[in-house]
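Those protein sequence lines, which keep their order, are chains H and D. If you read the first sequence in the UniProt record's numbering, its first letter stands for residue 1, the second for the next number, and so on. If you read the second sequence in the UniProt record's numbering, its first letter stands for residue 1, the second for the next number, and so on. What follows is a single structure, written as structure tokens, with notes after it.
2 protein chains.
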Amino acid sequence: MNENQALGAFAAISNQTRLRIVRMLVVAGADGRAAGAIAEALEGAPPSRISFHLSQLEQAGLVESRREGRSIIYSAIFPALSDLVAFLMRDCCEGHCAVCDKAIALFAKCTGRPAHSVD
Amino acid sequence: MNENQALGAFAAISNQTRLRIVRMLVVAGADGRAAGAIAEALEGAPPSRISFHLSQLEQAGLVESRREGRSIIYSAIFPALSDLVAFLMRDCCEGHCAVCDKAIALFAKCTGRPAHSVD
DNA sequence: GATACATTTCAAATGAAGTTGAACTATTGA
DNA sequence: TCAATAGTTCAACTTCATTTGAAATGTATC
Chain H
1 MNENQALGAF AAISNQTRLR IVRMLVVAGA DGRAAGAIAE ALEGAPPSRI
51 SFHLSQLEQA GLVESRREGR SIIYSAIFPA LSDLVAFLMR DCCEGHCAVC
101 DKAIALFAKC TGRPAHSVD
Chain D
1 MNENQALGAF AAISNQTRLR IVRMLVVAGA DGRAAGAIAE ALEGAPPSRI
51 SFHLSQLEQA GLVESRREGR SIIYSAIFPA LSDLVAFLMR DCCEGHCAVC
101 DKAIALFAKC TGRPAHSVD
């Protein structure tokens, strides 16, 4: 992750609608959620608006989409989120922070499928 | 951390100058860095611009300032950063992701002073 | 108390981002 | 192939954020 990617990603989640979508997809995990289901959860939002924001998130590299029949399923890109966190916290405390180093390494292991054990 | 605080924080770090400042202060740790030193590191930026961005970051709750003689020292607010990360990743994978839970707990322990051991 | 230093505040100018509804494309099923 | 469903694209409108330099504030030093 370089600075421009990080800036794009932070800009993406600094919008209320997009932040809600990303959090929804983080909870949804690898299965993701159809655009229509996302729109329904954000009650009152016209489809063009949701589509606009989903495309912004996709351009920012935070979510990806796949077609399933008539629906388009969006899901969070977990490595992108963990890279984003790493970009922000890396080299914390003059590069000598063991807790952040460990936390960054753990986030990198999240795949969108529940992990029931931690090494 | 509520949604509005998170939105403000993400908006704050979605600007190049501010993201650079925050990362600089994350590295600097609890000691922080004088506004002048920050401006110098961001070569070419007029003081009024740095001051504007520092005040945005302070309003967003990501940094704090203290006066030391003629200088004003800015430092990252580490709990705010860890709360921000938690806000984004909380309930990951339908709330059953052990790695993210652990990572969030670790970030919460970062104080800005190097930690040499991790439990 | 005058001067230099460190930083903030202000107002004006510029540029970028979000919302809307209507029209368009793609897929399924009768 | 016609209609229904699921999403996307487009253009016009509105709103908000960023940059700049000049002037003002607060602090130390001579």
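Idealized CB from N, CA, C, for every residue including glycine. Keep in mind the model is a prediction, meaning the values are calculated, not measured.
Inter-stretch contact at 8 Å, needing at least 3 Cβ pairs: the segment 21-30 of chain D / the segment 89-102 of chain H: Yes, since at least three Cβ pairs between the segment 21-30 of chain D and the segment 89-102 of chain H fall closer than 8 Å, the two stretches touch.
C-beta atoms of residue 38 (chain D) and residue 61 (chain D) nearer than 8 Å: No, the Cβ-Cβ distance between residue 38 (chain D) and residue 61 (chain D) is not below 8 Å.
Residue 85 (chain H) vs residue 85 (chain D) beta-carbon contact at 8 Å: With contacts defined as CB atoms closer than 8 Å, residue 85 (chain H) and residue 85 (chain D) qualify as a contacting pair.
Residue 110 (chain H) beta carbon less than 8 Å from that of residue 97 (chain D): A contact, by the Cβ cut-off of 8 Å.
Beta-carbon proximity of residue 15 (chain H) to residue 53 (chain H), cut-off 8 Å: Taking 8 Å as the Cβ cut-off, residue 15 (chain H) and residue 53 (chain H) qualify as a contacting pair.
Separation of residue 32 (chain D) from residue 95 (chain H), as counted between CA atoms: Residue 32 (chain D) has its alpha-carbon roughly 14 Å from the corresponding atom of residue 95 (chain H).
Per-residue DSSP class, three states only, for residue 14 (chain D): Correct three-state label for residue 14 (chain D): coil.
Sequence ranges, beta strand (DSSP E) only - wholly within the UniProt domain "HTH arsR-type" (1-96) of chain H, length at least 3: Taking only runs of at least 3 residues, the beta strand (DSSP E) segments lying wholly in the UniProt domain "HTH arsR-type" (1-96) of chain H are 63-68, 71-76.
Chain H contact residues for residue 44 (chain D), given Cβ-Cβ distances below 7 Å: Within chain H, no C-beta atom comes less than 7 Å from the C-beta of residue 44 (chain D); the nearest is roughly 17 Å away.
Assumed close pair residue 17 (chain H), residue 45 (chain H) - CB separation to whole angstroms, cut-off 8 Å: Cβ atoms of residue 17 (chain H) and residue 45 (chain H) come within 8 Å of each other, at about 7 Å.
Neighbourhood of residue 107 (chain H) by C-beta distance below 6 Å, restricted to the same chain and skipping five residues each side: So the list reads 82, 85, once near-sequence residues are dropped.
Close beta carbons around residue 112 (chain H), own chain, < 6 Å, minus the five adjacent residues each side: Excluding sequence positions up to five before and after residue 112 (chain H), its CB lies within less than 6 Å of the CB of 29, 30, 78, all in the same chain and listed in chain order.
Collapsed DSSP secondary structure at residue 110 (chain D) in the structure displayed: Correct three-state label for residue 110 (chain D): coil.
8 Å Cβ cutoff met for residue 13 (chain D) and residue 10 (chain H): In contact: residue 13 (chain D) and residue 10 (chain H) (Cβ atoms closer than 8 Å).
Heavy atom of the ligand NAD within 7 Å of residue 39 (chain D) beta-carbon: For the ligand NAD, the structure offers nothing, since it holds no ligand at all.
With 16 other Cβ atoms within 10 Å as the buried cut-off, status of residue 59 (chain D): Under a 10 Å Cβ-count criterion, residue 59 (chain D) is classified as exposed, with fewer than 16 other Cβ atoms of the shown protein chains found around its own Cβ.
Neighbouring residues, chain D, relative to residue 113 (chain H) (Cβ below 8 Å): Residues of chain D whose Cβ lies closer than 8 Å to the Cβ of residue 113 (chain H) are, in chain order, 93.
Cβ neighbour criterion (16 or more within 10 Å) applied to residue 23 (chain H): Classification of residue 23 (chain H): buried, given that the 10 Å Cβ count is 16 or more.
Three-way DSSP call (helix, strand, coil) for residue 99 (chain H) in this model: For residue 99 (chain H), the three-state secondary structure derived from DSSP is helix.
Neighbour flag for residue 16 (chain D) against chain H, beta carbons, 8 Å: Closer than 8 Å: yes.
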